[in-house]
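Participant:
Numbering (UniProt numbering), first residue to last: 1 to 170.
(1) Could you give the distance in angstroms between the alpha-carbon of residue 156 and the alpha-carbon of residue 148?
(2) Are the segment 105–112 and the segment 69–78 touching by the rule of at least three beta carbon pairs closer than 8 angstroms?
(3) Decide if the segment 30–48 is in contact with the segment 62–71; the criterion is three or more beta carbon pairs, one per stretch, under 8 angstroms apart.
(4) Out of 79, 43 and 48, which one is the CA nearest neighbour of residue 63?
(5) Would the segment 76–83 and the segment 21–30 be scored as touching if the rule is three or more Cβ pairs under 8 angstroms?
(6) At the level of alpha carbons, what is the spacing between residue 110 and residue 137?
(7) Distance, Cα to Cα, residue 129 vs residue 152?
(8) Which of helix, strand or coil does DSSP assign to residue 168?
(9) Between residue 83 and residue 140, what straight-line distance do the alpha-carbon atoms span, to the nearest angstrom?
(10) From residue 145 to residue 135, what distance separates their C-alpha atoms?
(11) Going by beta carbon distance, what residues of the same chain come within less than 7 angstroms of residue 54, once the five residues before and after it are set aside?
(12) How many Å lie between residue 169 and residue 154 at the Cα?
(13) List the endpoints of the continuous alpha helix (DSSP H) containing residue 17.
(14) Please report the distance separating the alpha-carbon of residue 182 from that of residue 126.
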């Protein structure tokens, strides 16, 4: 566990490139897997141990498991940060200044807000276009209804005129 802590706290800030950091994270992952395997073996051994030692050993194993979980979370967070960085810059997780972490979070929030504002504006434009299209469609339907009424009246007049022409002697 000490190796993992050392690599995360002291090794990572010395990484100059994206690839170095990726290699370091892979090594940390391997160390965490080895530590987990050791904890499993220790747990098996504790079960075989006399009752006098079980309580003390179980407490130590539990403490190590919690530490392992904490390191796994830190590793996953660093991987997430690394994927968002795209290779450039220094990870906020490894920064020693808490203000830089706050600044990074603030920047992400500002970027998210900007995306949200652009999306909202796009939705507003789309809604306005939909309303305008609906109004045009309603107008076209009204005009077509008027034309249908006109054509129906014209047809009725033609039928009446034809009827009168057939009755009238020529």
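Glycine included, every Cβ here is placed at the ideal spot set by N, Cα and C.
Facilitator: With the structure as the only source:
(1) 12 angstroms
(2) no
(3) yes
(4) 43
(5) yes
(6) 40 angstroms
(7) 34 angstroms
(8) coil
(9) 53 angstroms
(10) 15 angstroms
(11) 46
(12) 24 angstroms
(13) Looking at the DSSP string, residue 17 is not in any alpha helix (DSSP H), and its letter there is neither H nor E.
(14) Only positions 1 to 170 of the chain appear in this structure, which leaves residue 182 out of reach.
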